[in-house]
Amino acid sequence: MSDTDIAPEIRQTSRGTTVERVVRHLREGILNSRYSPGQRLIEADLTRDLGVSRGPLREAFRRLSAEGLLETVPNRGALVRRLSLQETVELFQIRTELEALAARLAAGNMAEPEIRAAFEAAIDPIWAEAPRLSPMAYLEENKRFHDAIVGASGNCQLATLHRQLQLPLIMFQVSGGLTADMLCRSVSEHRDIARAILNGDSGEAETALRGHLDRATALTRHMPASTFRPAATGD
Numbered sequence: 001m002s003d004t005d006i007a008p009e010i011r012q013t014s015r016g017t018t019v020e021r022v023v024r025h026l027r028e029g030i031l032n033s034r035y036s037p038g039q040r041l042i043e044a045d046l047t048r049d050l051g052v053s054r055g056p057l058r059e060a061f062r063r064l065s066a067e068g069l070l071e072t073v074p075n076r077g078a079l080v081r082r083l084s085l086q087e088t089v090e091l092f093q094i095r096t097e098l099e100a101l102a103a104r105l106a107a108g109n110m111a112e113p114e115i116r117a118a119f120e121a122a123i124d125p126i127w128a129e130a131p132r133l134s135p136m137a138y139l140e141e142n143k144r145f146h147d148a149i150v151g152a153s154g155n156c157q158l159a160t161l162h163r164q165l166q167l168p169l170i171m172f173q174v175s176g177g178l179t180a181d182m183l184c185r186s187v188s189e190h191r192d193i194a195r196a197i198l199n200g201d202s203g204e205a206e207t208a209l210r211g212h213l214d215r216a217t218a219l220t221r222h223m224p225a226s227t228f229r230p231a232a233t234g235d
């Protein structure tokens with residue numbers, strides 16, 4: 001496969017811009033399952049396919065490792081991160097606490113016209129007749145919805161912490177598989193959360209959000225062991 005086929009926009013740019021575009025290309029590849037959890041990313045192949053040198057590629061690897069999407073293994077290089085069950089559950093627990101706070105704060109901000117209008121615009125797709133979304137399309141809508149709640153919280157530090165958790169969780173969801181029933185239930189729960197926030201009911205918004213993510217956590221516990229990276233001794 002040539003660099004023309006994969007990422008023509010990466011070529012002929014400054015080093016900084018090149019790194020950003022390589023990061024974007026690899027991130028999207030991980031999230032749409034072109035690169036699967038546990039897969040080794042071979043430098044020689046990527047430098048050829050993307051038309052970049054090893055320097056920008058290695059910097060892209062470093063940034064994606066910081067995001068939690070890649071991990072560096074001695075004598076193997078960069079691998080797409082594969083979460084253990086324990087890591088996944090712990091990340092969901094942290095996410096639940098952050099988003100529960102965000103939902104409560106967002107509900108309290110609904111009297112502010114600008115915040116309310118921005119939130120309503122961001123979540124508008126959830127009120128449409130539920131289509132038969134593909135898992136990837138759902139994940140995009142799901143991220144937009146949860147990001148809207150965090151944005152409406154008005155808490156910048158919370159938003160920063162939340163961004164650090166989102167990508168590994170989305171990667172896990174893609175690899176774990178989602179059924180049509182799961183997608184429909186999730187959309188219904190999103191509507192309940194949104195109604196509580198729009199009604200300014202902080203308590204109900206927090207409760208609905210917690211229930212939504214607690215069910216997601218429970219789902220992970222019942223997935224096949226093959227979904228996860230084997231736990232290391234002491235995990």
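With the UniProt record's numbering, letter number 96 in the sequence shown gets 96, and the count goes up by one each step, no holes. We put the CB at the ideal spot given by N, CA and C, even for glycine.
- When C-beta atoms of the region 106-121 are compared with those of the region 145-155, three or more pairs fall below 8 Å, so the two segments count as touching.
- For T72, DSSP records a beta bridge to A78.
- For Q86, the enclosing alpha helix (DSSP H) stretches over residues L85 to G108.
- Under the criterion of beta carbons closer than 8 Å, R215 and I126 do not qualify as touching, at roughly 17 Å.
- At least 9 Å separates the beta-carbon of L79 from that of E67.
- Assignment of R21 by DSSP, reduced to helix, strand and coil, places it in the helix class.
- For S202, the enclosing alpha helix (DSSP H) stretches over residues S202 to R221.
- Looking only at T160, R229, I193 and L85, the smallest Cα-Cα distance to R221 is reached by L85.
- Excluding its 5 nearest sequence neighbours in each direction, A159 has C-beta neighbours in its own chain below 6 Å: V150, listed in chain order.
- For E112, the closest alpha carbon among the candidates L198, E141 and S186 is that of L198.
- Contact between E204 and A196 holds, with the beta-carbon distance rounding to 4 Å and staying under 8 Å.
- Leaving aside the five residues that flank I94 on each side, the residues in its chain whose CB is nearer than 7 Å to its CB run, in chain order, L165.
- Each residue's CA atom was taken as its position, placing E129 and T17 some 40 Å apart.
- For a cut-off of 8 Å, the C-beta gap from L98 to H162 is around 5 Å, short enough to register as a contact.
- The three-state secondary structure of R54, taken from DSSP, is helix.
- A straight line joining the alpha-carbon of P135 with that of L183 spans about 8 Å.
- Around the C-beta of G29, 16 or more other C-beta atoms lie within 10 Å, and the residue is accordingly described as buried.
- According to the DSSP assignment, S36 belongs to no alpha helix (DSSP H), since it is labelled neither H nor E.
- Judged by DSSP secondary structure, P135 falls within the alpha helix (DSSP H) whose first and last residues are P135 to S153.
- L178 sits away from F92, with the two beta carbons spaced by 9 Å or more.
- In this structure, L83 sits near F228, with a CB-CB distance shorter than 9 Å.
- Non-local C-beta neighbours of N32 in its own chain, meaning closer than 7 Å and more than five positions away in sequence, comprise M136, ordered along the chain.
- A residue is called buried when at least 16 other Cβ atoms come within 10 angstroms of its Cβ; V52 meets this threshold and is buried.
- In the three-state DSSP reduction, R229 falls in the coil class, being neither helix nor strand.
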